[in-house]
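Novice:
Numbering (UniProt numbering), first residue to last: 1 to 72.
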């Protein structure tokens with residue numbers, strides 16, 4: 001995890017994962033490059049929160065409610 005914070009990289013990485021341009025491994029790697037130490041997805045609020053190493057909130061995004069995550 002890098003200590004520099006890059007909100008733009010978080011947003012573009014998230015969008016690329018949603019459009020299946022990158023793998024989950026690449027998603028995790030890019031988040032670490034952007035300074036993300038952990039992320040929390042709250043399905044009730046339909047939000048994902050990205051935190052830095054010192055547990056400060058770095059970025060928040062809205063997530064879509066989905067009924068099926070994995071293809072059948």
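Each residue gets a CB set at the ideal place from its N, CA and C atoms; glycine is no exception.
(1) Could you pull out every residue in the same chain whose Cβ sits closer than 6 Å to the Cβ of residue 17, ignoring the five residues on either side in sequence?
(2) Note down the Cα distance separating residue 132 from residue 3, rounded to an integer number of angstroms.
(3) Here's the rule: buried if 16 or more other CB atoms are within 10 angstroms of the residue's CB, otherwise exposed. What is residue 56?
(4) Considering only residues of the region 11-63, which uninterrupted alpha helix (DSSP H) runs meet the minimum length of 4 residues and lie entirely inside it, listed in chain order?
(5) Got a sec? Which residues, its chain only, sit under 8 Å from residue 39 by beta carbon, not counting five neighbours each side?
Specialist: So, to answer that:
(1) 27
(2) Any property of residue 132 remains undetermined from this structure, which presents the chain solely from 1 to 72.
(3) Looking at its Cβ environment, which holds fewer than 16 other Cβ atoms inside 10 Å, residue 56 is exposed.
(4) Fully contained in the region 11-63 are the following alpha helix (DSSP H) runs of length 4 or more, in chain order: 24-33.
(5) Beyond the five residues adjoining it in sequence on each side, residue 39 comes within less than 8 Å, by CB distance, of 31, 48, 49, 50 and 51 in the same chain, given in chain order.
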